[in-house]
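In our numbering, the protein residues as written are 235 to 598.
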Amino acid sequence: MEGQSPLGLAVVVRGESALRSHGQPIPCVRFPMTTGETKPEENWRTDALSSWLPEDWRSPSAWLEQAHRAARVLRRDVAHATPWQLRQAIEVASRLNPGPWGGDFLEVKTEHWHGAEVKWKEHDEGTVVWVHGGAFAFGSPRVYRAAAVHLARQSRCKVVLPAYRLAPEHPFPAAHDDVLSMLRHCLSKGEKLVLMGDSAGANLVLSAVEQCQKEGLDLAPLAGLAVLSPWCDLRQSSASVAQNAVAHSPFDQRDALEYIHNYLNGHDPKDPRVCPLLSSFQNWPPVYLEYAEDEFLAPDVKVLEERFQKAGVVLHVRTEPRAVHGWQVLPEWLPEARRSSLAMGSWVRNALSLPPLSSPSSKG
Numbered sequence: 235m236e237g238q239s240p241l242g243l244a245v246v247v248r249g250e251s252a253l254r255s256h257g258q259p260i261p262c263v264r265f266p267m268t269t270g271e272t273k274p275e276e277n278w279r280t281d282a283l284s285s286w287l288p289e290d291w292r293s294p295s296a297w298l299e300q301a302h303r304a305a306r307v308l309r310r311d312v313a314h315a316t317p318w319q320l321r322q323a324i325e326v327a328s329r330l331n332p333g334p335w336g337g338d339f340l341e342v343k344t345e346h347w348h349g350a351e352v353k354w355k356e357h358d359e360g361t362v363v364w365v366h367g368g369a370f371a372f373g374s375p376r377v378y379r380a381a382a383v384h385l386a387r388q389s390r391c392k393v394v395l396p397a398y399r400l401a402p403e404h405p406f407p408a409a410h411d412d413v414l415s416m417l418r419h420c421l422s423k424g425e426k427l428v429l430m431g432d433s434a435g436a437n438l439v440l441s442a443v444e445q446c447q448k449e450g451l452d453l454a455p456l457a458g459l460a461v462l463s464p465w466c467d468l469r470q471s472s473a474s475v476a477q478n479a480v481a482h483s484p485f486d487q488r489d490a491l492e493y494i495h496n497y498l499n500g501h502d503p504k505d506p507r508v509c510p511l512l513s514s515f516q517n518w519p520p521v522y523l524e525y526a527e528d529e530f531l532a533p534d535v536k537v538l539e540e541r542f543q544k545a546g547v548v549l550h551v552r553t554e555p556r557a558v559h560g561w562q563v564l565p566e567w568l569p570e571a572r573r574s575s576l577a578m579g580s581w582v583r584n585a586l587s588l589p590p591l592s593s594p595s596s597k598g
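Below you can see the structure in the form of structure tokens.
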């Protein structure tokens with residue numbers, strides 16, 4: 235049934251032991267990260283670093299923790315960088331990372347959304363809508379251009395990158411309303427698509443799906459939902475804020491609380507529109523969930539994973555044992571990001587009922 239399961243059955247692609255839902259055993263198939271995945275074609279322009287690193291490369295813990303600590307001190311206590319300044323710096327840096335040859339990036343503005351569309355060599359076998367992350371304060375379609383090109387290459391689908399208003403200039407509900415409007419439009423067209431978001435973008439995606447369901451909209455066009463390292467709990471008491479796992483994180487508890495404050499601007503953090511961890515998840519489409527086991531947001535994501543299971547969501551979970559939060563955006567530089575791009579491309583094609591590619595990274 236195209237990945238669907240009987241009501242109440244959660245198919246979790248992860249562990250070796252059986253889980254249970256409503257008192258019934260649930261089969262679990264293990265899809266571990268392997269070093270034997272098909273390597274993307276080498277691209278001299280943008281695969282500069284990741285093609286030189288071994289496929290099973292892991293971010294080195296010792297120096298990475300020190301580097302993140304130094305960067306936080308420099309950013310906050312020396313440069314006193316504001317969200318606007320960080321936003322501009324990221325935008326400038328992204329110009330140096332356009333993605334591999336063969337990717338088309340077209341800026342789009344319509345009545346219902348604006349942003350960009352990305353294709354790989356004119357392939358357009360399906361649609362993926364990727365809502366970017368960035369702590370609700372930075373990020374843009376252009377920043378995600380390279381990552382979108384890689385996903386388009388691995389899936390042969392068009393990747394739509396909507397823009398949304400950013401905090402602190404535009405606090406809640408601006409970003410939520412922008413993404414919700416875009417999703418309503420997509421659902422009204424009735425065409426199958428995969429909806430995707432990472433970090434804060436995943437928060438907006440999860441919240442928009444929950445709101446559409448509350449409004450009684452038909453979610454049938456949603457063939458799947460992909461959430462990468464989702465920031466799913468904005469309460470100050472969240473497990474991630476409490477644990478403050480900063481070894482592999484460019485941000486820490488202090489940053490999290492600051493950006494939560496900027497986005498909420500006094501709004502109730504227990505509102506499911508900002509805390510999708512409190513959503514019901516009943517009768518949701520299949521979900522692809524990816525995160526690093528030691529990243530800052532991992533504690534909350536693991537709770538989200540449990541809630542998906544209890545709600546009977548068809549769930550594919552993929553983890554990296556050690557990776558920097560947001561690693562998926564840098565497939566030219568990080569082997570773990572290339573692994574993610576391959577896995578997501580395969581999952582997207584399956585969700586859209588497209589035949590698997592004989593070689594996901596082959597030319598053409």
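Don't be surprised by glycine CBs; every beta carbon is placed ideally from N, CA and C.
When you compare the CB positions of residue i and residue j, do they come within less than 8 Å of one another, or not?
i    : j    : result
H419 : L438 : no
R469 : P510 : no
A532 : A454 : no
V362 : V428 : yes
P405 : L498 : yes
K426 : L586 : yes
P464 : S514 : no
N496 : P407 : no
P375 : G337 : no
V393 : W364 : yes
S441 : V377 : no
Q562 : A381 : yes
E359 : L588 : yes
L421 : L459 : no
E540 : H559 : no
V537 : A476 : no
Here's the rule: buried if 16 or more other CB atoms are within 10 angstroms of the residue's CB, otherwise exposed. What is residue i?
i    : result
K355 : exposed
W335 : exposed
A557 : buried
W224 : Lying before the first or after the last residue shown, residue 224 is absent from the chain, which here runs from 235 to 598.
G257 : A caution first: G257 carries a pLDDT of 32, below 50, which makes its placement in the model too unreliable to give a value.
L564 : buried
D534 : buried
E527 : exposed
V508 : buried
V246 : Unreliable placement is indicated for V246, whose pLDDT of 41 sits below 50; no coordinate value is reported for it.
R321 : buried
For residue i, which beta-bridge partners are listed by DSSP?
i    : result
F339 : V352
A526 : E554
L400 : Looking at the DSSP assignment, L400 forms no beta bridge with any residue, so it has no partner.
V393 : V352, V362
L576 : L576 pairs with nothing; no bridge assigned.
V547 : Beta-bridge pairing links V547 to no other residue.
V521 : L459, L549
L427 : L456
H357 : W354
Can you give the Cα-Cα distance for residue i and residue j, rounded to whole angstroms?
i    : j    : result
S592 : V383 : 19 Å
V521 : A323 : 33 Å
C466 : L491 : 14 Å
D311 : A371 : 19 Å
M430 : R379 : 15 Å
E566 : R572 : 7 Å
L417 : V443 : 8 Å
P259 : Q543 : Note on P259: pLDDT 33, under 50, position unreliable in the model; no value is reported.
Q388 : P484 : 28 Å
S574 : L395 : 18 Å
A457 : P519 : 6 Å
H447 : A304 : One point to set straight first is that residue 447 is Gln, not His, in the sequence displayed. So the alpha carbons of these two residues sit roughly 44 Å apart.
G333 : L462 : 20 Å
T272 : L576 : The predicted position of T272 is uncertain, since its pLDDT is 36 and thus under 50; a value taken from the coordinates is nonetheless stated next. Straight-line Cα distance between these residues: approximately 8 Å.
A436 : L523 : 10 Å
M578 : R552 : 10 Å
R264 : Y525 : Bear in mind that a pLDDT of 29 at R264, under 50, signals an unreliable position, so the number given afterwards is only what the model happens to contain. The straight-line gap from Cα to Cα measures roughly 16 Å.
L414 : I494 : 20 Å
R390 : E570 : 20 Å
A386 : R583 : 11 Å
W581 : E345 : 31 Å
Q445 : F339 : 30 Å
V342 : G373 : 17 Å
G368 : R399 : 12 Å
A315 : D489 : 12 Å
H357 : G424 : 21 Å
G546 : R309 : 43 Å
D412 : H366 : 13 Å
H501 : Q487 : 19 Å
L330 : P590 : 32 Å
Threshold first: 3 residues or longer. Then list the beta strand (DSSP E) segments lying entirely within the segment 429-503, N to C. 456-462
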